[in-house]
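A.B. asks:
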Amino acid sequence: MDEAGYLAPAAPAEAEVRDRGSRFRARLVPCRDETAAREALAAIAAADADATHHCWAWRLGDPPHERAADAGEPAGTAGVPILRALAGAGVSDALLVVTRWFGGTKLGKGGLARAYGFAAREAVAAARLERRVPTVELLIEAPFTQLGAVRRLLALPGIELLAESYGEVARLALRVPRARQEELAAALANLGLTLAPANADHERG
């Protein structure tokens, strides 16, 4: 993924296709972490307990953490094509489940891969996607004599002031696009100031 961020589903989306009697229902679900993805997968499996297979893939965060499962289909025929649908569209923070009801005719490995991949791509195409920019939360401590210069730096695009407090020095908590972190750090270094981590990284749309 590039500095401009990545795409993520703004809401669930789904699509359904049929191939020689088998029905494939693909569902794309927004998920921020593995716990949410596992919960969504369990809910889908419970809702369609009569299905033959629930094959899936997820991509989470940036850089993306990826997993995929064939869920009983021949190896490589389901999870990988589903994952490719996400990766090919540059989508992360998402779980994509393709549920299959067997229709009585075997599709073969090639047919399965095509059907799962097509259903997955259709769900991605049906989704409303939003762009998310990877950010990091940082802290600046500055003497009051330099506060004006620091505030001018905060006008850089995408920088958000989260909180400020004042004691012997001014303390400013920021959310900064990861792509601008080095630029801001260099500008502060020219003032004799440094950036310090505040919290763990966050993703913001």
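Count along the sequence shown starting at 1, add 1, and that's the number in this note's numbering.
Glycine included, each C-beta is placed from N, C-alpha and C at the ideal position.
Please read all numbers here as calculations on a predicted model, not as lab measurements.
Return the chain-ordered ranges of every beta strand (DSSP E) run that is complete within the region 115 to 168 and spans a minimum of 3 residues.
C.D. replies: 130 to 143, 161 to 167
A.B. asks: Return the residue from the list A72, F25, A11 that minimises the CA-CA distance to G118.
C.D. replies: Sequence index remark: in the sequence shown, residue 118 carries index 117 (1-based). Ranking A72, F25, A11 by Cα distance to G118 puts F25 first.
A.B. asks: Please report the residue range of the alpha helix (DSSP H) in which T36 lies.
C.D. replies: By one-based count along the sequence shown, residue 36 stands at place 35. Run containing T36: 35 to 48, per the alpha helix (DSSP H) assignment.
A.B. asks: When the Cα atoms are used, what is the spatial distance from L140 to L175?
C.D. replies: For the purposes of this step, residue 140 is identified with residue 139 of the sequence shown, where counting begins at 1. For the purposes of this step, residue 175 is identified with residue 174 of the sequence shown, where counting begins at 1. A direct Cα-to-Cα measurement between L140 and L175 gives close to 6 Å.
A.B. asks: Pick from E35, A127, E165, R115: whose alpha carbon is nearest that of A12?
C.D. replies: Taking the sequence shown and counting its residues from 1, one reaches residue 12 at position 11. Nearest of E35, A127, E165, R115 to A12, Cα basis: A127.
A.B. asks: Strictly under 9 Å for the Cβ-Cβ distance: is E183 near chain C by that measure?
C.D. replies: Among the chains of the structure shown, chain C does not appear; only one protein chain is present.
A.B. asks: If we count the other Cβ atoms within 10 Å of its Cβ and call it buried at 16 or more, is L29 buried or exposed?
C.D. replies: Locating residue 29 in the sequence shown gives position 28, where the first residue counts as 1. With 16 or more other Cβ atoms within 10 Å, it is buried.
A.B. asks: Are the CB atoms of A76 and A58 nearer to each other than 9 Å?
C.D. replies: Reading the sequence shown from its first residue, position 75 is the one you call residue 76. Reading the sequence shown from its first residue, position 57 is the one you call residue 58. Not a contact, by the Cβ cut-off of 9 Å.
A.B. asks: Assign G206 to one of three DSSP states: helix, strand, or coil.
C.D. replies: Reading the sequence shown from its first residue, position 205 is the one you call residue 206. Annotation note: pLDDT 47 at G206 (below 50); position unreliable, no value reported.
A.B. asks: Give me the Cβ distance between L87 and L97, rounded to the nearest whole Å; I'm assuming they're in contact under 8 Å.
C.D. replies: Within the sequence shown, the letter at position 86 stands for residue 87. Within the sequence shown, the letter at position 96 stands for residue 97. Confirmed, Cβ separation roughly 6 Å.
A.B. asks: Residues in its own chain within less than 7 Å of A44 by CB, not counting five upstream and five downstream?
C.D. replies: On the sequence shown, position 43 is the one that residue 44 refers to. The answer is none, since no qualifying residue turns up.
A.B. asks: Check each candidate in G89, R152, D51 and name the one with the smallest Cα separation from R122.
C.D. replies: Working through the sequence shown from its first residue, we reach residue 122 at position 121. When each option's Cα is compared against that of R122, the closest is G89.
A.B. asks: Cα-Cα, which of L192, D71, S93, G62 is closest to A143?
C.D. replies: In the sequence shown, the residue the question calls residue 143 occupies position 142. When each option's Cα is compared against that of A143, the closest is L192.
A.B. asks: For A46, collect the residues of the same chain with a Cβ closer than 7 Å to its Cβ; drop the 5 residues on either side in sequence, then sort them by chain order.
C.D. replies: Position 45 of the sequence shown, counted from the start, is the residue given in the question as residue 46. Within the same chain, A46 has close Cβ partners H55.
A.B. asks: For C56, list the residues DSSP reports as bridge partners.
C.D. replies: Taking the sequence shown and counting its residues from 1, one reaches residue 56 at position 55. Answer by DSSP bridge pairing, in chain order: V99.
A.B. asks: Can you tell me whether D51 is buried or exposed, with buried defined as 16 or more other CB within 10 angstroms of its CB?
C.D. replies: Here residue 51 refers to the residue found at position 50 when the sequence shown is read from its first residue. It counts as exposed.
A.B. asks: Could you tell me which residues DSSP puts in a beta bridge with S1?
C.D. replies: Since the displayed the chain opens at 2 and closes at 206, residue 1 lies outside it and no answer follows.
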